[in-house]
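Here the structure comes first, spelled out in structure tokens, and everything after it is commentary.
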Amino acid sequence: MAKSKFEYVRDFEADDTCLPNCWVVTRLDGRNFHRFAEQHGFIKPNDDRALHLMTKCAQTVMQELEDIVMAYGQSDEYSFVFKKKSNWFKRRASKFMTHVVSQFASSYVFYWKDYFKDQPLLYPPGFDGRVVLYPSNQNLKDYLSWRQADCHINNLYNTVFWMLVQRSGLTPVQAQDRLQGTLAGDKNEILFSEFNINYNNEPLIYRKGTVLIWQKVKEVATKRIKLPKETEEKEVEVTRTRSKAVPLHCDIIGDQFWEDYPEILADS
Ligand code: DGT
Ligand code: MG
Ligand code: MG
Ligand code: MG
Ligand code: MG
Numbered sequence: 277m278a279k280s281k282f283e284y285v286r287d288f289e290a291d292d293t294c295l296p297n298c299w300v301v302t303r304l305d306g307r308n309f310h311r312f313a314e315q316h317g318f319i320k321p322n323d324d325r326a327l328h329l330m331t332k333c334a335q336t337v338m339q340e341l342e343d344i345v346m347a348y349g350q351s352d353e354y355s356f357v358f359k360k361k362s363n364w365f366k367r368r369a370s371k372f373m374t375h376v377v378s379q380f381a382s383s384y385v386f387y388w389k390d391y392f393k394d395q396p397l398l399y400p401p402g403f404d405g406r407v408v409l410y411p412s413n414q415n416l417k418d419y420l421s422w423r424q425a426d427c428h429i430n431n432l433y434n435t436v437f438w439m440l441v442q443r444s445g446l447t448p449v450q451a452q453d454r455l456q457g458t459l460a461g462d463k464n465e466i467l468f469s470e471f472n473i474n475y476n477n478e479p480l481i482y483r484k485g486t487v488l489i490w491q492k493v494k495e496v497a498t499k500r501i502k503l504p505k506e507t508e509e510k511e512v513e514v515t516r517t518r519s520k521a522v523p524l525h526c527d528i529i530g531d532q533f534w535e536d537y538p539e540i541l542a543d544s
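Everything in the sequence shown is counted per the numbering used here, starting at 277 for the first residue and increasing by one.
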């Protein structure tokens, strides 16, 4: 078919192909979730409903899209790691980013009521997205370590901050002043001596965030089948193995995680 005279406008599309052989990381983050959390009555500092909904959306992204080897999430953010050799949409950054973010955002709305039973969704949430390329395994591990260290730093701060406000009756400004210039050790000490809390016993999901990796899981389902010599249908149990994006709340900064799951960084 002949091309129209308008066809030339295609050439204005910028090439955004991701460099070959690099890990493609897409990170999304909730837009103005400070306000969103406030308006929807999120429990401070950690709301299990919100954290589990984020993970459900991330599992949906991993299951629906191609080539994601793992994901890591905390607070209102999730990072997805596409395999180095991925050629999904010819490695176009805009495709990686928009498919991840739109699938995640629609899932957030779709699954909202499963997690926030009697809290209606008051307005449509949004998420930003970015794509970053990491050429070496060490760069990728350092990226993920950076996000998990961020989770730890923020969670330790928030845990003490909300204890000072909710238990000691400090105003947010007073709590902020009290924590000004304190180191991690000081915060641990405040938690222990004033609130009898050993930070290391706080739930792992809050301290470490959530890692999603592919695992083979056995599923048992009941099926109705008709056996050859029988007239009636019968219910039988069938087991099948399926790959699922399974959540872990473990350390990913040390070597242990990467030794336990070598297939994540393995090529192809
Ligand atoms: P942004 O990302 O620049 O559009 O702005 P925000 O407000 O989303 O800021 P961000 O992403 O740096 O911080 C995440 C906010 O989400 C933070 O204000 C606390 C809130 N948030 C996330 N998870 C929870 C939670 O489980 N409970 C509560 N109460 N708030 C949460
Ligand atoms: Mg945000
Ligand atoms: Mg921000
Ligand atoms: Mg955030
Ligand atoms: Mg189309």
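Just so it is clear, CB atoms sit at the ideal spot from N, CA and C, and this is done for glycine as well.
These figures come from a predicted structure and were not determined experimentally.
Next item on the list: Mind the definition here: the segment 350-358 touches the segment 420-430 only if three or more C-beta pairs lie below 8 Å; say whether that holds.
Entry: yes
Next item on the list: May I ask whether a heavy atom of ligand 4 can be found less than 7 Å away from the beta carbon of residue 383?
Entry: Position 107 of the sequence shown, counted from the start, is the residue given in the question as residue 383. Because no heavy atom of ligand 4 lies under 7 Å away, the Cβ of residue 383 does not count as near it: no.
Notebook entry, point to check: According to DSSP, is residue 303 helix, strand or coil?
Noted result: Stepping through the sequence shown from its first residue, residue 303 is reached at position 27. In this structure, residue 303 counts as strand in the three-state DSSP scheme.
Item checked: Cβ neighbour criterion (16 or more within 10 Å) applied to residue 514 -> Residue 514 sits at position 238 when you count from the first residue of the sequence shown. When all chains shown are included, residue 514 counts as exposed.
Item checked: Nearest candidate by alpha-carbon position, reference residue 492, set 523, 328, 507 -> One-based indexing of the sequence shown puts residue 492 at position 216. Checking every option, the nearest Cα to that of residue 492 belongs to 523.
Checklist line | Cβ contact (3+ pairs, closer than 8 Å) linking the segment 290-309 and the segment 360-378 | finding: yes
Next item on the list: With a threshold of 7 Å, establish whether the CB of residue 305 neighbours any heavy atom of ligand 2.
Entry: Position 29 of the sequence shown, counting from 1, holds the residue named residue 305. Correct: residue 305 has its Cβ closer than 7 Å to ligand 2.
Note to self: Rounded to whole angstroms, what is the Cα-Cα separation between residue 498 and residue 450?
What the structure shows: By one-based count along the sequence shown, residue 498 stands at place 222. By one-based count along the sequence shown, residue 450 stands at place 174. If you take the alpha carbons of residue 498 and residue 450, they lie about 58 Å apart.
Next item on the list: Kindly list the residues whose CB is nearer than 7 Å to the CB of residue 384, restricted to its own chain and excluding five residues on each side of it in sequence; keep chain order.
Entry: Sequence index remark: in the sequence shown, residue 384 carries index 108 (1-based). The answer, listed in chain order, is 329, 333, 401.
Check: So, do the segment 494-513 and the segment 459-467 have three or more beta carbon pairs nearer to each other than 8 Å?
Finding: no
Margin query: Check for me: the alpha helix (DSSP H) holding residue 461 runs from which residue to which?
Written below: Taking the sequence shown and counting its residues from 1, the one referred to as residue 461 is at position 185. From DSSP, the alpha helix (DSSP H) with residue 461 extends over 460-471.
Check: Given residue 541, which residues of its chain have a CB within under 7 Å of its CB, disregarding the five upstream and five downstream residues?
Finding: Taking the first residue of the sequence shown as position 1, residue 541 is located at position 265. Around residue 541: 413, 534.
Item checked: Closest by C-alpha distance to residue 488, when choosing among 525, 301, 306, 441 -> If you number the sequence shown from 1, residue 488 lands on position 212. For residue 488, the nearest C-alpha among the options comes from 525.
Margin query: I'd like the list of long-range same chain contacts for residue 373, defined as Cβ closer than 8 Å, with 5 residues on each side in sequence excluded.
Written below: Taking the sequence shown and counting its residues from 1, the one referred to as residue 373 is at position 97. Taken in chain order, the residues that qualify are 302, 405, 406, 407.
Item checked: N- and C-terminal bounds of the alpha helix (DSSP H) containing residue 429 -> Translated into the one-based positions of the sequence shown, residue 429 becomes position 153. Note, residue 429: alpha helix (DSSP H), 413-442.
Checklist line | Opening and closing residue of the alpha helix (DSSP H) in which residue 448 lies | finding: Within the sequence shown, numbered from 1, the residue matching residue 448 stands at position 172. Run containing residue 448: 448-455, per the alpha helix (DSSP H) assignment.
Next item on the list: Would you identify the three-state DSSP class for residue 537, choosing helix, strand or coil?
Entry: Locating residue 537 in the sequence shown gives position 261, counting from the first residue. If DSSP states are grouped into helix, strand and coil, residue 537 belongs with coil.
Note to self: For a minimum of 4 consecutive residues, which ranges assigned as the alpha helix (DSSP H) are wholly contained in the segment 313-369?
What the structure shows: 324-340
Margin query: Along the chain, where does the beta strand (DSSP E) containing residue 488 start, and where does it finish?
Written below: On the sequence shown, residue 488 is found 212 positions in, with the first residue counted as 1. Run containing residue 488: 486-502, per the beta strand (DSSP E) assignment.
Notebook entry, point to check: From residue 376 to residue 346, what distance separates their C-alpha atoms?
Noted result: Mapped onto the sequence shown, residue 376 falls at position 100. Mapped onto the sequence shown, residue 346 falls at position 70. Taking the straight line joining both Cα atoms gives about 13 Å.
Checklist line | Simplified DSSP assignment, three categories, for residue 524 | finding: Locating residue 524 in the sequence shown gives position 248, counting from the first residue. Of the three classes helix, strand and coil, the one that applies to residue 524 here is strand, per DSSP.
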